[in-house]
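In what follows, a single structure is set out as structure tokens and then discussed.
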Amino acid sequence: MDKVIDHGQVAEHNAKLQQNLDADYAALGSILARRGQDIEQLTAKAQTFAVALPSWGVGTGGTRFARFPGKGEPRDVMEKLEDCAVIHQLTQATPTVSLHFPWDKSSDPAAMREFASKHGLGFDTVNSNTFQDQANQEQTYKFGSLTANAKAVREQAVAHNIECIELGRALGSKGLTVWVGDGANFPGQHNLRGALERYLDSMRDIYKALPADWLMYIEHKLFEPAFYATTIADWGTSYACANELGPKAKCLVDLGHHAPNTNIEMIVARLAQFGKLGGFHFNDSKYGDDDLDSGSINPFQLFLIFNELADVAQRDGDAFKPSYMLDQSHNVTDPIESLMSSAIEVQRSFVQSALVDRKALSAYQENNDVLLAAQTLKQAFRTDVSPILAMARARSGAAIDPVACYRATGYREKQATLRPPKAGASGSGIV
Ligand code: LRH
Ligand code: MN
Ligand code: MN
1 MDKVIDHGQV AEHNAKLQQN LDADYAALGS ILARRGQDIE QLTAKAQTFA VALPSWGVGT
61 GGTRFARFPG KGEPRDVMEK LEDCAVIHQL TQATPTVSLH FPWDKSSDPA AMREFASKHG
121 LGFDTVNSNT FQDQANQEQT YKFGSLTANA KAVREQAVAH NIECIELGRA LGSKGLTVWV
181 GDGANFPGQH NLRGALERYL DSMRDIYKAL PADWLMYIEH KLFEPAFYAT TIADWGTSYA
241 CANELGPKAK CLVDLGHHAP NTNIEMIVAR LAQFGKLGGF HFNDSKYGDD DLDSGSINPF
301 QLFLIFNELA DVAQRDGDAF KPSYMLDQSH NVTDPIESLM SSAIEVQRSF VQSALVDRKA
361 LSAYQENNDV LLAAQTLKQA FRTDVSPILA MARARSGAAI DPVACYRATG YREKQATLRP
421 PKAGASGSGI V
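In this text, residue positions in the sequence shown follow full-length UniProt numbering: the first is 1, and each later residue adds one.
See the structure below:
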């Protein structure tokens with residue numbers, strides 16, 4: 001397997017940290033053993049964790065006010081893949097990349113496939129983009145895409161989604177994520193029911209083009225860019241549409257796409273109960289679709305979501321496999337550092353959720369012992385599983401401390417000289 005970072009540098013970094021890690025790991029192991037938990041099993045579980053990287057997340061993001069480009073940003077999809085390979089090499093938690101078209105459209109998909117397979121990367125769900133007009137596009141999406149009044153606009157948006165399926169198929173993807181910003185900015189702008197009817201008609205045409213082993217993920221979002229009424233604003237609408245479309249249509253939960261304080265873990269439980277939970281876009285937020293690093297604002301919420309997923313796994317077994325993807329915008333940090341830390345934060349919640357004593361929890365629930373039920377969750381959440389995560393990385397050949405190791409390699413400085421900035425680079429996570 002080819003590596004972007006010299007393997008010797010990672011080994012040298014790990015050698016310096018291994019002794020302290022062994023001591024921390026042994027200490028945590030005995031705490032967990034007293035609770036009847038086997039640290040080795042947890043470490044093996046951590047090693048199975050995987051979350052997809054958003055290709056658009058490796059470029060510096062921005063807001064609608066400004067973008068402050070970072071040094072050595074990737075200028076095309078091959079350079080994005082190179083950065084993703086670094087993230088995976090140092091974390092061994094991000095083996096796939098989620099592409100966004102047309103941002104990641106390449107004239108040489110064979111080179112993408114070759115680079116990916118040489119670096120142990122695969123391609124996750126592909127994302128369509130009908131929330132922006134592209135150069136040389138005949139119709140505008142100013143007044144909607146899949147829901148537009150004009151048939152020609154809807155046809156163009158459907159054709160783009162079908163092209164995304166073809167592009168993804170050539171790379172080995174197995175799913176299409178559809179997020180549309182369609183909606184109204186003013187009351188009366190459009191007929192609320194009519195817009196959803198048109199959306200469903202368009203989605204039916206896309207659904208028909210799905211290969212047999214593909215899923216379609218419907219991503220809802222409360223608002224933005226439609227500030228009065230977004231057509232697919234909530235999980236209820238998403239669920240109803242997924243049901244209308246058929247078994248290959250599922251719902252995708254982007255954590256930032258809800259009103260503040262929404263109980264997202266309950267949405268997860270509802271969608272799972274009715275067989276429509278397809279996957280996640282992980283990120284964190286304080287106000288809206290902030291696209292902040294996962295676990296940076298509300299790590300307890302992330303833990304509670306994984307606690308629901310652990311409950312589903314207990315009920316449904318391994319058959320239940322929602323897609324895990326990161327969807328973040330990095331405006332003031334090095335995107336590689338943010339994505340490595342975020343993948344580890346999601347992995348942390350995954351491992352912490354395995355610490356919940358589910359038998360004890362259901363007994364407390366049964367007996368209405370509210371305090372001990374809540375404390376059962378809190379005990380798992382408060383346990384610092386960092387040594388487990390670090391040991392899982394060390395055993396998988398990744399870095400014990402990925403950010404420190406990455407900084408020591410000087411990768412970004414090297415890219416700053418190899419990748420002089422390109423004006424107007426697209427797909428940089430501005431949305
Ligand atoms: C919309 C969204 C969606 C897009 C991405 C760039 O806010 O979350 O997933 O594809 O941002
Ligand atoms: Mn998203
Ligand atoms: Mn978003």
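Quick reminder that beta carbons are idealized off the backbone N, C-alpha and C, glycines included.
- With distances taken between CA atoms, Tyr-364 lies nearest to Gln-375 out of Ala-354, Leu-355, Gln-375.
- Residue pairing for Thr-230: DSSP places it in a beta bridge opposite Gly-183.
- In the DSSP annotation of this structure, the continuous segment of the beta strand (DSSP E) that includes Phe-280 starts and ends at 277-282.
- When rounded, the separation of the alpha-carbon atoms in Ala-392 and Ala-44 is 7 Å.
- For Glu-219, the enclosing beta strand (DSSP E) covers residues 215-219.
- At the C-beta level, Phe-115 and Leu-171 stay beyond 8 Å of one another.
- Across the structure, Arg-412 and Lys-71 are spaced so that their CA atoms are roughly 7 Å apart.
- Distances taken from the Cβ of Asp-254 to the heavy atoms of ligand 2 include one shorter than 7 Å.
- Annotation for Asp-213: Lys-174 place their beta carbon closer than 7 Å to its own, counting only its chain and skipping 5 residues before and after.
- Ranked by Cα distance from Ser-107, the first of Ala-26, His-88, Leu-167, Phe-306 is Leu-167.
- Per DSSP, the continuous beta strand (DSSP E) segment holding Lys-250 begins and ends at 249-254.
- Linking Phe-303 to Leu-361 through their CA atoms gives a straight-line distance of about 15 Å.
- When DSSP reads this structure, Phe-123 sits in a beta bridge with Val-97.
- Rounded to the nearest whole angstrom, the CA to CA distance from Thr-237 to Gln-9 is 50 Å.
- C-alpha of Leu-252 to C-alpha of Arg-395: approximately 32 Å in a straight line.
- Rounded to the nearest angstrom, the Cβ distance from Cys-164 to Met-203 is 13 Å, too far for a contact under 8 Å.
- Note on geometry: alpha-carbon atoms of Lys-80 and Ser-145 lie some 28 Å from one another.
- Your pair Ile-162 and Ala-209 checks out as a contact, with CB atoms roughly 5 Å apart and the cut at 8 Å.
- In this structure, Asp-289 has its beta carbon less than 7 Å from a heavy atom of ligand 1.
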